[in-house]
Amino acid sequence: MAVTTEKSDQITNAEASPRTGIPAYDWSGKLRIARFDFTQGSSAGDANSTAELVRLPTGRVRVYLAQSRITTSAFGSSRTLDLGHMAYTDEAGDTVAADEDSLDAAQSVSGAASYVPIGTVGGEESYLFSSHSTEGVTIIAKCEGGTIPAAATIKGYFVYAVE
Numbered sequence: 002m003a004v005t006t007e008k009s010d011q012i013t014n015a016e017a018s019p020r021t022g023i024p025a026y027d028w029s030g031k032l033r034i035a036r037f038d039f040t041q042g043s044s045a046g047d048a049n050s051t052a053e054l055v056r057l058p059t060g061r062v063r064v065y066l067a068q069s070r071i072t073t074s075a076f077g078s079s080r081t082l083d084l085g086h087m088a089y090t091d092e093a094g095d096t097v098a099a100d101e102d103s104l105d106a107a108q109s110v111s112g113a114a115s116y117v118p119i120g121t122v123g124g125e126e127s128y129l130f131s132s133h134s135t136e137g138v139t140i141i142a143k144c145e146g147g148t149i150p151a152a153a154t155i156k157g158y159f160v161y162a163v164e
């Protein structure tokens, strides 16, 4: 083996001739926080009920899940919570299908919980979610394994970078 000096994709792109652009959310994006407080209404919701938590802004956005936080009340035995997004329109005008567990899947909320949503979905989704939308992206939570109790709470924030 030998000592090597390698470059990230971003440095390679910055040094390319002609130069290849680097998205601002990668190298000079502004970090923002989208905070939310959700309380289920006076009636319980059936299994697979969803809660709209935040709407990310229009344009290029990258969510940093490892810096984000979710806190819930106790939902009851066998309940889990998924985090995902509603359908949105991307920069090409194409519809990106809703994906209810694209950010995090099957977090136990049987008892009160507080966690970083780096989840069980693996790959890049374990630490970030990127989008480029024409109207913003709505992040949702979905309760599985039983009802979401009346007055159940989901609180927290997502850290994201924008151009």
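With this note's numbering, the residue at position 59 of the sequence shown is 60, and numbering never jumps. Here a beta-carbon is modelled for each residue, glycine too, at the ideal position from N, C-alpha and C. Just so we're clear, the structure is a prediction, and the values are computed from it rather than from any experiment.
Item: Once you ignore the five residues that flank K31 on each side, which residues in its own chain have a CB closer than 7 Å to its CB?; Value: A162 and V163
Item: To the nearest angstrom, how far is the alpha carbon of A25 from that of S9?; Value: 16 Å
Item: Under 8 Å between the Cβ atoms of I166 and T73?; Value: Residue 166 is absent from the model: the chain starts at 2 and stops at 164.
Item: So, for S127: in the same chain, excluding its five sequence neighbours on each side, which residues have a beta-carbon less than 6 Å away from its beta-carbon?; Value: Because the pLDDT of S127 is 46, which lies under 50, any placement of that residue in the model is unreliable, and the number read from its coordinates should be weighed accordingly. Contacts found: I119.
Item: Given a cut-off of 8 Å on the beta-carbon distance, is the pair G137 and R36 in contact?; Value: no
Item: Take the Cβ of V64 as the centre, count every other Cβ of all protein chains shown within 10 Å, and call the residue buried at 16 or more, exposed below.; Value: buried
Item: Just the Cα atoms here: how many angstroms apart are A99 and M87?; Value: 4 Å
Item: Using 8 Å for Cβ pairs, my map puts D47 next to D83. What's the rounded Cβ distance?; Value: Rounded, the Cβ-Cβ distance is 15 Å, inconsistent with contact.
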